[in-house]
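*Asks:* Input: one structure, supplied below.
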Amino acid sequence: MPASPPLSADPASAGPEAATFEQLTIVDLIRHGGSLFAEAGLTFGHSYDNALDEATQLVLHALHMPHDLSPVYGQSRVTTAEKAKVLALFGRRIRERIPAAYLTGEAWFAGLSFKSDPRALVPRSPIAELIEAGFEPWLGGREVRRALDLCTGSGCIAIATGHYHPDWEVHGIDISDDALSLAAENKARLRADNVEFRRSDLFSTLDGEIYDLIVTNPPYVTNDETDALPEEYAHEPELGLRAGHDGLDLALKIMRDAPAHLSGQGLLICEVGEAERALVELLPELPMAWVEFKVGQMGIFVVERADLVEHHERIKALADERG
Numbered sequence: 001m002p003a004s005p006p007l008s009a010d011p012a013s014a015g016p017e018a019a020t021f022e023q024l025t026i027v028d029l030i031r032h033g034g035s036l037f038a039e040a041g042l043t044f045g046h047s048y049d050n051a052l053d054e055a056t057q058l059v060l061h062a063l064h065m066p067h068d069l070s071p072v073y074g075q076s077r078v079t080t081a082e083k084a085k086v087l088a089l090f091g092r093r094i095r096e097r098i099p100a101a102y103l104t105g106e107a108w109f110a111g112l113s114f115k116s117d118p119r120a121l122v123p124r125s126p127i128a129e130l131i132e133a134g135f136e137p138w139l140g141g142r143e144v145r146r147a148l149d150l151c152t153g154s155g156c157i158a159i160a161t162g163h164y165h166p167d168w169e170v171h172g173i174d175i176s177d178d179a180l181s182l183a184a185e186n187k188a189r190l191r192a193d194n195v196e197f198r199r200s201d202l203f204s205t206l207d208g209e210i211y212d213l214i215v216t217n218p219p220y221v222t223n224d225e226t227d228a229l230p231e232e233y234a235h236e237p238e239l240g241l242r243a244g245h246d247g248l249d250l251a252l253k254i255m256r257d258a259p260a261h262l263s264g265q266g267l268l269i270c271e272v273g274e275a276e277r278a279l280v281e282l283l284p285e286l287p288m289a290w291v292e293f294k295v296g297q298m299g300i301f302v303v304e305r306a307d308l309v310e311h312h313e314r315i316k317a318l319a320d321e322r323g
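Residue numbers (full-length UniProt numbering): 1 to 323.
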């Protein structure tokens with residue numbers, strides 16, 4: 001077989017007949033990336049929790065292939081130019097410790113593709129599973145007309161909720177102008193016409209607003225944990241992570257003020273992650289239902305408005321201590 005013609009100086013303008021193919025396949029590059037990432041001691045947790053999954057997404061991004069590419073294409077060989085693009089992405093991931101979602105500019109959440117960049121945390125909350133399940137069995141079939149996503153960040157929870165419930169009016173709230181600008185871009189990207197974003201410091205500008213469901217993934221990383229986070233997290237806004245000595249500075253304020261913005265049968269769903277234990281110790285008498293996900297408990301609780309009202313005095317005292 002005659003040798004392939006030399007690669008054009010401008011691969012983007014060359015026709016397919018000018019491509020020089022390597023012996024490497026897509027699977028070879030993914031395996032190589034996984035090995036490089038493991039050897040470099042990278043930290044995972046921004047949408048993907050292991051080296052091979054991150055390598056897969058970087059390879060597919062570089063090749064302009066869909067993230068769910070069929071495995072049947074795994075043995076396809078790559079061109080020299082494609083290999084160079086993939087290796088360049090691998091190099092940045094290792095040298096700069098940038099999360100893969102920021103390198104590709106995309107993160108998947110609740111089956112939807114979101115734009116992702118350092119203006120907001122990478123979408124990764126297990127609340128996605130609740131959204132796809134219609135918030136059942138927690139809603140118990142109760143009617144929802146208006147829902148609020150507090151601390152919306154990239155807008156992923158608000159937009160996904162609106163996507164799966166097009167008859168709901170959904171608001172997304174954040175204090176960060178940068179995050180809200182990203183959320184607005186994601187709203188346009190996913191045509192989320194029933195979602196509205198506003199700037200607010202928690203409930204501060206929501207006087208008179210009442211919702212049947214409030215969902216929130218506020219900052220909940222303790223000060224000590226934030227200071228000790230791996231380099232990957234330094235690319236994310238600290239405002240979305242740090243939450244005091246026990247990780248509960250914002251969660252307690254939300255629990256204190258939520259009853260004033262919930263309808264009579266309203267629900268609060270709140271993510272506190274590893275701060276779950278601290279919250280239970282502070283409020284052992286509050287009947288919080290901790291959600292069991294496919295992989296187990298993930299620090300997300302559901303609480304009725306009536307129970308927040310009943311225990312308001314204790315919650316308020318704890319929240320007021322935080323200033």
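Note that beta-carbon positions come from the ideal geometry of N, C-alpha and C, so glycine has one too.
Just the Cα atoms here: how many angstroms apart are S8 and A81?
*Replies:* No answer about S8 holds up, because its pLDDT of 36 lies below 50 and its placement is not dependable.
*Asks:* Which partner residues does L112 have in the DSSP bridge list?
*Replies:* BP columns for L112 point to F109.
*Asks:* Going by beta-carbon coordinates alone, are D320 and A275 separated by less than 8 angstroms?
*Replies:* No, the Cβ-Cβ distance between D320 and A275 is not below 8 angstroms.
*Asks:* Tell me whether the beta-carbon of A258 lies closer than 8 angstroms to the beta-carbon of I214.
*Replies:* Cβ distance < 8 angstroms, so A258 and I214 count as in contact.
*Asks:* For a quick check, are the C-beta atoms of L58 and G33 less than 8 angstroms apart?
*Replies:* Yes, Cβ-Cβ distance for L58 and G33 is below 8 angstroms.
*Asks:* Go to T222, then tell me how far its alpha helix (DSSP H) extends in each direction, as first and last residue.
*Replies:* Careful: T222 lies outside any alpha helix (DSSP H) and carries neither H nor E.
*Asks:* Please work out which residues of its chain come closer than 7 angstroms, Cβ to Cβ, to S113, disregarding the five sequence neighbours upstream and downstream, and give them in chain order.
*Replies:* These residues qualify, in order along the chain: E106.
*Asks:* Around the Cβ of V295, are there at least 16 other Cβ atoms within 10 angstroms (buried) or fewer (exposed)?
*Replies:* Under this definition V295 is an exposed residue.
*Asks:* Name the DSSP bridge partner or partners of L190?
*Replies:* Beta-bridge pairing links L190 to no other residue.
*Asks:* Under a three-way DSSP split, which group does G244 fall into?
*Replies:* Looking at G244 - three-state DSSP - the assignment turns out to be coil, as it is neither helix nor strand.
*Asks:* Grab me the residues of F203's own chain with a C-beta within less than 7 angstroms of its C-beta, minus the 5 sequence neighbours each way, in chain order.
*Replies:* Contacts found: D257 and H261.
*Asks:* Give me the residue from R199, S200, G91 and Y164 with the minimum Cα distance to L190.
*Replies:* Of R199, S200, G91 and Y164, the residue nearest in Cα terms is Y164.
*Asks:* If you draw a straight line from the C-alpha of E196 to the C-alpha of G172, how long is it?
*Replies:* Computed Cα separation, rounded: 6 angstroms.
*Asks:* Can you look up I175 in the DSSP assignment and give me helix, strand or coil?
*Replies:* Here I175 sits in coil by DSSP.
*Asks:* Relative to the C-alpha of N223, which residue among E238, C270, L29 and S70 is closest?
*Replies:* Out of E238, C270, L29 and S70, E238 has the C-alpha closest to the C-alpha of N223.
*Asks:* Indicate whether G244 and R305 have their beta-carbon atoms separated by less than 8 angstroms.
*Replies:* Not a contact, by the Cβ cut-off of 8 angstroms.
*Asks:* Closest by CA to A55, which one among T79, A192 and I26?
*Replies:* With distances taken between Cα atoms, A55 lies closest to I26.
*Asks:* Report the three-state DSSP secondary structure of V215 (helix, strand or coil).
*Replies:* Strand at V215.
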